[in-house]
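If you count the sequence shown from 1, position 37 lands on 1351 in the working numbering, and the numbers rise without skipping.
For each residue, glycine too, the CB sits at the ideal point set by N, CA and C.
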Amino acid sequence: MGLRTLLIENCPRSQQQQASAWASRMVGVGNIIGYLAGLTDLSQFAPSLLVTQFQGLCLIASISLAIGVGISCIALTEKSPPEDNPSFSTYFRHLLRTYRIMPWKIRRVCHIQFWAWMAWFPFIFYSTTYISDLYGKLLLPRYDTTAFHIRGEIHERGLRIGSFASLLFAIVALLSNSVLPFAVSNTRGSNLPKAIQAMRPTVLQAWTASHIFFAIVSFTTIFVTSMTGGIVVVSCLGIS
């Protein structure tokens, strides 16, 4: 949310679409680096520090966040806020007033995006666990008591496979964010033939299609029972 706010406040309206596309690409690159770090055994790089995998990931995330925020603070300038700081109740009333007077089309977009975020949160937090569960069901029979002793090892291996599926998702998302902006009208590519330009979808059509595609692919998880199918589902969601 803060990244989108920076784009809106510091980029001209004519460059916001291009800036948003580049921001999505940079987020995709960061996701790939993060998932690669998750697949790597970070404890082997500094065994003397006794750093666990989770601690290593937190350290990488903290350093990356500090570098990104530092660059933003140096490169960007903003106007000084007004001296009269409104209270939380005043800000909340202003937010409600803005919501009531905004055009219906913009309000409808806000409604759709709100529920879209609600759909994305389970994927972000549980996609790795989903792949791990599919992997475990293949190797752990429900009533096999001898497999109980290796349950932890299988679960750990399943999480690594889940991280690999997330890595594929990040790669597909990066490719989509790099290619799709050129396929949408009102973007680059105005020198294309008119027949091709007429076939290019608008931003609204692409946005709607991405939500429909996400819903369809998410519903397929009901029928997917194999680990390979789960990896394909997670990877395909990178398109949306």
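Contact between Ser1441 and Ser1492 does not hold, since their C-beta atoms are separated by about 22 Å, which reaches or exceeds 8 Å. With fewer than 16 other CB atoms across the displayed protein chains lying within 10 angstroms of its CB, Gly1384 is exposed.
The C-beta separation of Ile1438 from Met1541 comes to about 20 Å, leaving the pair out of contact by the 8 Å criterion.
Within its own chain, the residues whose Cβ lies closer than 7 Å to the Cβ of Gly1342, once the five positions on either side in sequence are excluded, are Ala1484, Ala1487, Leu1488, Asn1491, listed in chain order.
Note on geometry: alpha-carbon atoms of Leu1353 and Leu1473 lie some 9 Å from one another. At the C-beta level, Ser1386 and Leu1320 come within 9 Å of one another.
The beta carbons of Ala1433 and Ala1529 sit closer together than 9 Å.
Rounded to the nearest whole angstrom, the C-alpha separation of Gly1476 and Arg1414 is 43 Å. In the three-state reduction of the DSSP assignment, Leu1409 falls in the helix class.
Beyond the five residues adjoining it in sequence on each side, Thr1535 comes within less than 8 Å, by CB distance, of Tyr1444, Gly1544, Val1547 in the same chain, given in chain order. In the structure shown, Phe1359 adopts coil according to DSSP, grouped into three states. Under the DSSP assignment, Gln1329 falls outside any alpha helix (DSSP H); it carries neither an H nor an E label.
Within 10 angstroms of the beta-carbon of Phe1435 lie fewer than 16 other beta-carbons, which makes it exposed. Looking from the CA of Cys1550, the closest CA among Ser1362, Ser1532, Cys1424 belongs to Ser1532.
Going by DSSP, Glu1470 is part of the alpha helix (DSSP H) stretching over 1465–1497.
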